[in-house]
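Residue numbers (our numbering): 6 to 184.
Here's what the structure looks like:
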């Protein structure tokens with residue numbers, strides 16, 4: 006009987022060792038799966054963001070009660086041109102300048118044929134506002150420097166900021182639109 010007890014003890018120890026090993030394996034694997042899942046979610050979110058913010062795509066930008074259909078300027082060439090040489094900016098529309106990193110991005114009125122308001126946004130929060138950037142003919146090469154770094158800059162029709170009583174700290178959201 007002693008031999009049988011010894012065999013049972015060995016079997017139980019082996020079973021216990023395998024059980025603990027399995028638990029350790031599952032715990033480690035779960036952590037790796039969660040990390041990989043989180044990485045995939047971030048990559049998918051960034052891919053959606055990249056697809057949403059490409060030159061000439063349209064994005065619905067909402068700040069408080071205000072909402073505009075904004076044309077996206079993501080490339081350096083599109084940013085340099087901006088709204089310059091256009092005849093007007095229709096009500097309910099704008100241009101959204103998209104930057105990969107927040108920065109203090111200055112704006113000027115080169116080739117602007119109409120005045121505009123400018124809204125600087127960082128990570129969904131309005132960080133600065135400028136009312137009435139004059140048209141080029143009224144004041145050549147007028148430049149505006151924001152007080153805070155931003156990664157999105159929204160140009161809207163003149164009077165928009167006042168009409169919607171916008172303030173620094175207001176929240177902004179973006180939704181893709183179909184062109």
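The C-beta atom is built at its ideal place from N, Cα and C for all residues, glycine as well.
Bridge partner(s) assigned by DSSP for residue i
{"i": "residue 112", "result": "149"}
{"i": "residue 160", "result": "100 and 123"}
{"i": "residue 12", "result": "Note: residue 12 sits in no beta bridge, so no partner."}
Own chain residues within Cβ distance below 6 Å of residue i, not counting five before or after
{"i": "residue 45", "result": "The predicted position of residue 45 is uncertain, since its pLDDT is 43 and thus under 50; a value taken from the coordinates is nonetheless stated next. Hits under 6 Å: none found."}
{"i": "residue 67", "result": "178"}
Secondary structure of residue i, DSSP reduced to three states
{"i": "residue 89", "result": "coil"}
{"i": "residue 101", "result": "strand"}
{"i": "residue 176", "result": "strand"}
{"i": "residue 94", "result": "coil"}
{"i": "residue 133", "result": "strand"}
Beta-carbon separation (whole angstroms), residue i vs residue j, contact threshold 8 Å
{"i": "residue 74", "j": "residue 59", "result": "At roughly 16 Å, the Cβ-Cβ gap does not stay under 8 Å, so residue 74 and residue 59 are not in contact."}
{"i": "residue 138", "j": "residue 173", "result": "Not really, about 17 Å apart at Cβ, beyond 8 Å."}
{"i": "residue 123", "j": "residue 112", "result": "6 Å"}
7 Å CB neighbourhood of residue i in its chain, flanking five on each side removed
{"i": "residue 23", "result": "none"}
{"i": "residue 105", "result": "none"}
{"i": "residue 94", "result": "88, 119, 121 and 162"}
Opening and closing residue of the beta strand (DSSP E) in which residue i lies
{"i": "residue 168", "result": "First-last for residue 168: 165-168, but that is the alpha helix (DSSP H), not the beta strand (DSSP E)."}
{"i": "residue 143", "result": "Taken as a continuous stretch (DSSP letters only), residue 143 belongs to no beta strand (DSSP E), as it is neither H nor E."}
{"i": "residue 65", "result": "63-68"}
{"i": "residue 75", "result": "71-78"}
Own chain residues within Cβ distance below 8 Å of residue i, not counting five before or after
{"i": "residue 14", "result": "none"}
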